[in-house]
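These notes concern the structure reproduced below.
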Amino acid sequence: MLSNGSFRPGVLRTLCAVSLCLIPYLTSAADSLQLSEYRGKVLVVDFWASWCVPCRRSFPWMNEMQQKFGDEGLVIIAVNLDNDASDAAEFLRAYPAQFKISYDQERELALEFEVEAMPSSFLIDRDGNIIERHLGFKTGQTDDYEAAIVSALRNKR
68 MLSNGSFRPG VLRTLCAVSL CLIPYLTSAA DSLQLSEYRG KVLVVDFWAS
118 WCVPCRRSFP WMNEMQQKFG DEGLVIIAVN LDNDASDAAE FLRAYPAQFK
168 ISYDQERELA LEFEVEAMPS SFLIDRDGNI IERHLGFKTG QTDDYEAAIV
218 SALRNKR
């Protein structure tokens, strides 16, 4: 990523060849989530950690977005980066998620996405292209975040 926040040409434009990306589920490292299963859907992939204060605000908002737009093709996947899954579980007791939760203890996916802040979220269109990237979560910008989701959902290819 360039210092102005934009992507280097060709970097992260297509989500690690979408069909190749696997995300382990939080509940079991043996199970994994293949992002290619969601081709044709609009994805929000959100990287978070239990110690992340802005994540306490982003989770209720993501619940709202999943409920509001899930039937239109939105899938939210929150990828936890805690070293200890019990920390994530404790966070989820306080801030329950109504969307998919995954775990990336080895931070392999976080490296592919070049995660630099908590939370970091990526809006991915129906073709697997990253079309938006947000570092942090700012409640004053939720209308903009939602507008980007709506725009991606309306683009049916």
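Converting from the sequence shown to my numbering requires adding 67 to each position, the first position being numbered 1. For glycine and all other residues, C-beta sits at the position ideal for the given N, C-alpha and C.
Taking 9 Å as the threshold (C-beta atoms), are residue j and residue i in contact?
i, j, result
"M185", "W128", "no"
"V182", "R193", "no"
"A152", "Q165", "no"
"R106", "G195", "yes"
"I216", "F136", "yes"
"C122", "F204", "yes"
Is it right to say residue i is buried, meaning 16 or more other beta carbons lie within 10 angstroms of its own, or is it exposed?
i, result
"S188", "buried"
"L110", "buried"
"A161", "exposed"
"V120", "exposed"
"G207", "exposed"
"L176", "buried"
"A214", "exposed"
"L178", "exposed"
"P91", "At P91, the pLDDT of 46 sits below 50, so the modelled position is not reliable; the number obtained from the coordinates is stated separately. With 16 or more other Cβ atoms within 10 Å, it is buried."
Looking only at its chain, what residues have a beta carbon closer than 8 Å to the beta carbon of residue i, apart from the 5 residues adjacent to it on each side?
i, result
"K108", "G140, L141, V142 and R193"
"S117", "N147, D149, D154, A155, E157 and F158"
Just to confirm my understanding: we take residue i, look at its own chain, exclude 5 residues before and 5 after, and list those with CB closer than 6 Å. What are they?
i, result
"D113", "A145, P186 and S188"
"N222", "none"
"E134", "A small correction: the amino acid at residue 134 is Gln; Glu does not occupy that position in the sequence shown. If we look at Q134 and ignore the five residues flanking it on each side, it has no Cβ neighbours."
"H201", "S188"
Suppose the cutoff is 7 Å on Cβ atoms and the five residues either side in sequence are ignored; what does the same chain contact list for residue i look like?
i, result
"A219", "V109, L190, D192 and I198"
"A97", "With a pLDDT of 44 at A97, under the threshold of 50, the modelled position of this residue cannot be trusted; read the value that follows with caution. So no residue of the chain qualifies."
"T209", "W128"
"F260", "This structure does not reach residue 260, given that the chain is present from 68 up to 224, and the question cannot be answered."
Determine whether the Cβ of residue i lies closer than 9 Å to any Cβ atom of chain B.
i, result
"E157", "Among the protein chains of the structure shown there is no chain B, as only one such chain exists."
Quick one: which unbroken alpha helix (DSSP H) runs of 4-plus residues sit fully inside the segment 121-146? Chain order, please. 122-136
Note down, one range per segment and in chain order, each alpha helix (DSSP H) of at least 4 residues found wholly within the segment 140-206. 152-161 and 175-179
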